[in-house]
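Each protein sequence line maps, in turn, to chains A and B.
Per my numbering, the first sequence starts with residue 213, numbered consecutively.
Per my numbering, the second sequence starts with residue 232, numbered consecutively.
Heads up, the beta-carbon is just placed ideally off N, CA and C, and yes, glycines get one too.
Below is one structure; the comments refer to it alone.
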Amino acid sequence: AQTVTQSQPEMSVQEAETVTLSCTYDTSESDYYLFWYKQPPSRQMILVIRQEAYKQQNATENRFSVNFQKAAKSFSLKISDSQLGDAAMYFCACLNAGNNRKLIWGLGTSLAVNP
Amino acid sequence: EPEVTQTPSHQVTQMGQEVILRCVPISNHLYFYWYRQILGQKVEFLVSFYNNEISEKSEIFDDQFSVERPDGSNFTLKIRSTKLEDSAMYFCASRGQGIDGYTFGSGTRLTVV
Numbered sequence: 213a214q215t216v217t218q219s220q221p222e223m224s225v226q227e228a229e230t231v232t233l234s235c236t237y238d239t240s241e242s243d244y245y246l247f248w249y250k251q252p253p254s255r256q257m258i259l260v261i262r263q264e265a266y267k268q269q270n271a272t273e274n275r276f277s278v279n280f281q282k283a284a285k286s287f288s289l290k291i292s293d294s295q296l297g298d299a300a301m302y303f304c305a306c307l308n309a310g311n312n313r314k315l316i317w318g319l320g321t322s323l324a325v326n327p
Numbered sequence: 232e233p234e235v236t237q238t239p240s241h242q243v244t245q246m247g248q249e250v251i252l253r254c255v256p257i258s259n260h261l262y263f264y265w266y267r268q269i270l271g272q273k274v275e276f277l278v279s280f281y282n283n284e285i286s287e288k289s290e291i292f293d294d295q296f297s298v299e300r301p302d303g304s305n306f307t308l309k310i311r312s313t314k315l316e317d318s319a320m321y322f323c324a325s326r327g328q329g330i331d332g333y334t335f336g337s338g339t340r341l342t343v344v
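This is the structure we're talking about:
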């Protein structure tokens, strides 16, 4: 069974600084995908970034980047130049590449951005 | 950009009542999902649906739950007799053949009183 662990229930960062959110996962699949989702107070689920497990290069989307360590089964999210609008819950999720492709989620990290 | 639409955004219901949560997936998508998020807890997979049948369901998805795609556009989740513990955010998602376009709706907040 797949599991996703986020060990930081809460984090905070100063505006314009950098913060890293941690995620580890466990899967027996050889082909899978990893995601970070942002959930603001509106509770909508917004995709932040995605990483294919077969790709060695770390994914980057503007101020968001990941550190994907496949052997260690680690998938951390780095937010650079943090902005007030980045304050939200962040969920790490793993998706198997089989037919069904359901997402398995971590418990989330609540990120506060201090002005 | 194509969207997954969920209605209503918030529903309050009496314990024991039936509720139907509605979703309009992206039009050319083939796979459909319901997820649930109880306040303060992780998001949980409920059910996946493909080719007009359930392809997988979780332990949560017991006989009180059912899904249906009654026409070519809607995908519904029915809870027959709601319990207090069914209070949660329910997310619908859909995707095409691959991973690209795996899209979530904005959710329905269900409150059972």
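Chain A within 8 Å of residue i, Cβ atoms only
| i | result |
| --- | --- |
| Phe-263 (chain B) | no |
| Ile-269 (chain B) | no |
| Phe-306 (chain B) | no |
| Ile-257 (chain B) | no |
| Phe-322 (chain B) | yes |
| Phe-276 (chain B) | yes |
| Val-288 (chain B) | Before going on, a small fix: residue 288 (chain B) reads as Lys here, not Val. Not one chain A Cβ lies under 8 Å of Lys-288 (chain B). |
Between the CA atoms of residue j and residue i - distance to the nearest angstrom
| i | j | result |
| --- | --- | --- |
| Glu-290 (chain B) | Leu-277 (chain B) | 8 Å |
| Glu-222 (chain A) | Ala-324 (chain A) | 8 Å |
| Ser-329 (chain A) | Pro-252 (chain A) | Outside the shown range of chain A, which is 213 to 327, sits residue 329 (chain A), and nothing can be said about it. |
| Gln-214 (chain A) | Glu-249 (chain B) | 33 Å |
| Thr-307 (chain B) | Asn-312 (chain A) | 19 Å |
| Ser-234 (chain A) | Asp-331 (chain B) | 24 Å |
| Ile-257 (chain B) | Glu-229 (chain A) | 37 Å |
| Gln-295 (chain A) | Phe-276 (chain A) | 12 Å |
| Gln-220 (chain A) | Asp-302 (chain B) | 43 Å |
| Tyr-237 (chain A) | Pro-327 (chain A) | 32 Å |
| Ser-286 (chain B) | Glu-241 (chain A) | 19 Å |
| Thr-313 (chain B) | Val-243 (chain B) | 11 Å |
| Asn-308 (chain A) | Tyr-333 (chain B) | 13 Å |
Min CB distance residue i to chain B below 8 Å
| i | result |
| --- | --- |
| Phe-303 (chain A) | yes |
| Gln-281 (chain A) | no |
| Gln-256 (chain A) | yes |
| Asn-326 (chain A) | no |
| Gly-318 (chain A) | yes |
| Leu-323 (chain A) | no |
| Tyr-245 (chain A) | yes |
| Leu-315 (chain A) | yes |
| Asn-312 (chain A) | yes |
Sub-8 Å separation of residue i and residue j beta-carbons
| i | j | result |
| --- | --- | --- |
| Thr-325 (chain B) | Tyr-266 (chain B) | A quick correction: the sequence has Ser, not Thr, at residue 325 (chain B). No. |
| Tyr-321 (chain B) | Leu-252 (chain B) | yes |
| Ser-297 (chain B) | Lys-309 (chain B) | yes |
| Ala-265 (chain A) | Tyr-249 (chain A) | no |
Those residues which DSSP pairs with residue i across a bridge
| i | result |
| --- | --- |
| Leu-323 (chain A) | A:Met-223 and A:Ala-300 |
| said: Suppose only complete runs of 3+ residues qualify. What are the beta strand (DSSP E) ranges in the segment 249–279 of chain B, listed by chain order? | reply: 250–255 and 262–268
| request: Just list the alpha helix (DSSP H) runs in the segment 305–342 of chain B, keeping only unbroken ones of 4 residues or longer that don't cross its boundaries, in chain order. | output: none
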